[in-house]
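Undergrad: There's a structure below that I have some questions on.
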Amino acid sequence: MLLWLPVLFVAVTVAQVLVLRFIDPPTSAFMLARQAEAWGEGDWGYRVAYDWRDLDRIAPDLPMSMIAAEDQDFANHNGFDLAAIEKALDNNARGRHVRGASTISQQVAKNLFLWQGRSWVRKGLEAWYTMLIEALWPKRRILEVYVNIAEFGDGIYGAQAAARSYWRKDASRLTANEAARLAVVLPAPRRYSAVRPGPYVQRRAAWTQRQVRQLGGKAYLDGLD
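Quick note: the sequence shown uses our numbering, first residue -10, plus one each step.
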């Protein structure tokens, strides 16, 4: 029986990823964990905000801002940005605090299937799911899922929920500046605010908008497979 466990693990995880290539995820591991956390604190009325929108119904500036802010080599890598990882390791060894080297594909794997925290087991599973996602999903699908499950504030997941919660509008009507602000709070969405941006968010958002223009804007998205 133990010999069959690796085969079962591969079969189940491949099936998970393959199904979600075609079916929009109704929730994610991170959403479920946040809901459980609220209930564990006695907040029985708490509900996460999540409302799926297809990529073509979201303002192009948002996915482009997320690429510009987090993973500018998204179209070219196979799930892992080795140069960014090497740079992050070097900076960590020097005691410098820098943004992580996780790609959008890794973020999707972690948010969708795993749990928060740091351990070799979780990192190993993240790498495995990342490889499956890159092998079984086109880049546009990876980006579409990420834009919908990323946490943009406490309990606010995805472009539509963020647009409604912060600006009372549809995700298709987000401005370039609003999109950039949403993208730059992603490393710490409960610490930084997209709707009341401080100096860091304003400065980073302006930089992100410039990067979006340099990457080619919507033309970049149209070139994704």
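C-beta: ideal position from N, C-alpha, C; glycine also.
So which of Leu51, Arg130, Ala4 has the shortest CA-CA distance to Val201?
TA: The shortest C-alpha separation from Val201 is found at Leu51.
Undergrad: Report, in whole angstroms, the separation of the C-beta atoms of Arg170 and Pro186, which I expect to be a contact under 8 Å.
TA: 5 Å
Undergrad: Decide if the segment 64 to 73 is in contact with the segment 34 to 42; the criterion is three or more beta carbon pairs, one per stretch, under 8 Å apart.
TA: With a cut-off of 8 Å on Cβ pairs, the segment 64 to 73 is not in contact with the segment 34 to 42, counting fewer than three such pairs.
Undergrad: Starting from Glu140, follow its DSSP beta bridges and name the residues at the other end.
TA: Tyr146
Undergrad: Going by alpha carbons, who is nearest to Gln96 out of Arg129, Met(-10), Glu59, Asp45?
TA: For Gln96, the nearest C-alpha among the options comes from Glu59.
Undergrad: Any contact between the segment 153 to 165 and the segment 113 to 126? By contact I mean 3 or more CB pairs, one from each, below 8 Å.
TA: no
Undergrad: From Asp43 to Leu125, what distance separates their C-alpha atoms?
TA: 19 Å
Undergrad: On the criterion of 16 or more Cβ atoms from any shown chain inside 10 Å, does Val3 qualify as buried, or is it exposed?
TA: exposed
Undergrad: What number of angstroms, rounded off, separates the C-alpha of Ile138 from the C-alpha of Leu175?
TA: 11 Å
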